[in-house]
Amino acid sequence: MACEALAGIDKKAVTNDAIAVLVTALRHTNNDVKAGACKALGSIGAKAAANAVIAALVIVLRDANDDIRASACRALGQLGQQAARNDVVAALVIAVRDTNNDVKASACIALGQLGQQVATNDVIAPLVIALGDAHYNVRASACIALGQIGGKATTNEVITALVTALGHAKSDVRESASEALGYLGETPAKNEVVAALVTALGDTNNDVRTSGCKTIGRLGEKAATSEVIGALVIALGDANNNVRARACTAVGKIGEKAATNEVITTLVIAVGDTNKDVRASACEALGHVGRKAATIDVIAVLVIALGDAHYNVRASACIALGQIGGKAATNEVIQALVTALGHVKSDVIANACEALGKIGEKAATNDVIAALVTALGHVNDNVRASACKALGQLGEKAATNAVIAALVIALGDAYYVVRAQACTAIGMIGEKAATNDVIAALVIALGDANDNVRASACKALGQLGEKAATNDVIAALVIALGDANGNVRASACKALGQLGEKAATNDMITALVSAVGHANSQVRAGACEALGQIGEKAATNNVIAALTIALEDANNSVRVRACTAIGQLGGKAATSSVINGLLRIGDMAACNSLKKILISASSLSGLDSNTVSKLFKFWNRNPLQLNKISLEKIMTAYSDTKIVEWCSIIALHTLCTRCAVTIVDQTITVYGNSEPVKFDMSCRIVCDNLVDAFTKQEGLAFYLDGNQDHGDS
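For what it's worth, UniProt numbering labels the leading residue of the sequence shown as 1, then goes sequentially.
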């Protein structure tokens, strides 16, 4: 009696002392006491999954009494994954081969409850054997266990055994086999499986037909054969309510591949079914089938369903109209959804909001906007959140004074989801929502106690653009760069970038440079992106140095954004260290940024000889990258630095761009796209080096020596 009492009390109230008493009771001489102790420990569940408890139950699995062994199996299963130890699994596998049917069935169920981590061949093999057991309850339990173990149990042997079980004389076994195939996921969607499930849809037993529909739904698109769809159409007219409802759900799970005219017509009929669950499931299925179902007949029947006597049907109709989307944006549909916004059931109102939001700008009528503003004051949290979201999805057309004022109030809502959705809505409406009141409220939201609200406020401020680039906003976003939450920090980085050059204060740039070195890769990537979006105003030595380091980041997203940002900084970023970093990466993003900074650079004279040599090797492999860079700029760099490696680049450039270079005495003249440009070299060897470079390239060049008798040439 004491054991039974412990089994019935609140798990939270069970103490370690009580569990110790139950473990002691497992060794009692009275079988009823031992069985009661097993039951109590199982009822307590995971809290009882201590090593001493598990070890004691494993010993009890060897008890001479059948009922006690079965009780021990059930208790171990109820302890859950914490009991998935090797000794437990080995003992349960032995129990699957017990002489007693109840013990075997209980052992199968227990193995299933231990979950995927026990899905070894040693476990799967005896469960497959158990599918052929003489007793139907053992077979059904083995089916359930294989289903619970899930995808890891998906071997050909398992699938074949389950398909065979689908043809068993006992309906419980057929139902369990069907259920198990569904839990194995999409993998078993083979011809023999699908064929067996089609047969199951015509079974004489209601539960088997229902299970067959559920399994086909779980298999999804992979089960979308003409035979399956044909069988589901028949099942939609089944005499049993559950079968019809599950058939609707299966069609929805298969999706657009099931959207034949016959299926859609049958679902339209099902929306008028006498059973509310069937009607609701039919509405949901039409929504999942998608835009192929956006016919006049479908929309009309869903509009009628918005007035159904049962709120669940009305809610499902709202969701379906939203999923069908823009094609459902008729005046009749919109008006029906507006009417649904005034319903007494909060679920219906929330779903109507969602549907209007998914329809988008086409639904942005005065009536809709007014009704959504009213919904922002609803007593239900989900309704207010859904109304915020919908107003955001309506976009700029929803930017009325009444909407903006209501969203400002929503920013102070007691429910954090409403506050976050209000931020998101303001961001989606965009610059038209950038009033002083809105901006001030979003700055306050940056200090919200909830992470999602703070992140959403950052995003909204970024989406408002330069109108939001006030000192207060910038200061608050800089503080947000140090937020404890990574998503908030990343959102603040992105927002500062979106605000543009107006946001580029020294404090902000310093904070972003610090964020480039943050431990969180999302923050590092966001900081790089923000610096790039600010552009040339951010091209300080510290910024360039930080982005150069970021080019070596372990995270690919950070490297890509650092590359892009460097390209956006302009010519000031054309330093040897930056160029070497971009050349090491060498992908398209790096090449594009390299070209941008070299084109933008006012001078290339600051590059060292090693970098110039690497540039030649790069351009020699990718000559098209050189075309846009001024030959005069390159000649100036050579003239200033006398770095001989520039000569090869000059020679290559003339061949790629069809420019010309002449050398007379110590004067080099460049004939490019503009007027000829002359360079007076300080010494003869500088000219000779250039001549040597040209002799190694195919192309035209000539050298006129001022000391020669030109009349003899």
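Think of the CB as a built atom: it goes at the ideal place given N, C-alpha and C, for glycine as much as any other residue.
When the options are compared against residue i, the one with the closest alpha-carbon
i, options, result
"E175", "I124, V243, E227", "V243"
"G202", "L236, G220, L219, Q335", "L236"
"T510", "G482, A245, Q568, N487", "G482"
"A375", "A402, G360, E361, G220", "A402"
"V333", "K345, L61, L306, V348", "L306"
"R454", "A434, I474, A433, R489", "R489"
"L631", "P676, F618, K617", "P676"
"C458", "A433, K432, A434, C423", "C423"
"I634", "L604, S613, W619", "L604"
"C300", "H288, A320, H310, V289", "Per the sequence shown, the amino acid found at residue 300 is Ala instead of Cys. Comparing Cα-Cα distances from A300 to each of H288, A320, H310, V289, the minimum goes to A320."
"L569", "T540, A550, D553", "T540"
"residue 715", "T15, A55, D63, A52", "Absent from the structure is residue 715, since the part of the chain shown begins at 1 and ends at 713."
"S577", "H135, T548, S316", "T548"
"V325", "G287, D297, A340, H343", "In the sequence as presented, Val is not what sits at residue 325; that position holds Gly. Comparing Cα-Cα distances from G325 to each of G287, D297, A340, H343, the minimum goes to G287."
"A145", "A130, E157, A134, H135", "A130"
"A84", "A72, I579, V118", "V118"
"S456", "A468, A469, I426, R97", "I426"
Sequence-distant residues of its chain with Cβ nearer than 7 angstroms to residue i (five each side left out)
i, result
"K327", "R291, A294"
"C656", "P623, L626, N627"
"A398", "A364, I369, L391, I429"
"Y671", "C659, A660"
"N312", "K276, A280"
"K642", "V686"
"M1", "Any reading at M1 must be qualified, since the residue scores a pLDDT of 43, below 50, and its modelled position is unreliable; the value itself is stated next. Nothing listed; no residue qualifies."
"A530", "C493, K494, L496, G497, L512"
"A449", "none"
"V263", "I229, V233, V251"
Close-in-space but distant-in-sequence residues of the same chain around residue i (CB under 6 angstroms, 5 per side omitted)
i, result
"N205", "S171"
"L92", "A107, A110, L111"
"Q498", "G462"
"A693", "C647, S648, A651"
"G212", "S178, L197, A200, L201"
"G532", "T564, A565, Q568"
"G80", "A46"
Bounding residues of the alpha helix (DSSP H) (the contiguous stretch that carries residue i)
i, result
"Y311", "311-324"
"V60", "51-60"
"G450", "The identity of residue 450 in the sequence shown is Asn, whereas the question assumes Gly. Taken as a continuous stretch (DSSP letters only), N450 belongs to no alpha helix (DSSP H), as it is neither H nor E."
"C647", "645-657"
"Q393", "381-394"
"A196", "191-200"
"D587", "Segment: none, D587 is in no alpha helix (DSSP H) and carries neither H nor E."
"L267", "261-270"
"C38", "31-44"
"D297", "296-305"
"D347", "346-359"
"V548", "Here residue 548 turns out to be Thr, not Val, going by the sequence shown. Here the alpha helix (DSSP H) through T548 covers 541-550."
"E332", "331-340"
"K253", "241-254"
Host beta strand (DSSP E) of residue i (start-end)
i, result
"K678", "677-680"
"I663", "660-664"
"T667", "667-671"
Interface flag, residue i vs chain D, CB-CB below 8 angstroms
i, result
"T29", "Checking the listed chains, one finds no chain D in this structure; it contains a single protein chain."
Simplified DSSP state of residue i, which is helix, strand or coil
i, result
"A405", "helix"
"D133", "coil"
"Y415", "coil"
"L376", "coil"
"T120", "coil"
"N436", "helix"
"N580", "helix"
"I629", "coil"
"C687", "helix"
"T225", "coil"
"K572", "helix"
"D308", "coil"
"G287", "helix"
Cutoff 8 angstroms; reference residue i; Cβ partners in own chain excluding five residues on either side
i, result
"T400", "I369"
"T667", "K678, F679, D680, M681"
"C248", "L236, L267, A270, V278, S281, A282, E284, A285"
Contact test: residue i Cβ vs the ligand FMN heavy atom, cutoff 7 angstroms
i, result
"N366", "The ligand content of the structure shown is nil, which means the ligand FMN is not present either."
**Every unbroken alpha helix (DSSP H) inside the stretch 475-539 [4 residues or more]** = 486-499, 506-516, 521-534, all fully within the stretch 475-539.
**Asked** Which whole runs of the alpha helix (DSSP H) in the stretch 73-105 are 4 residues long or more, in chain order?
**Response** Runs found: 86-96.
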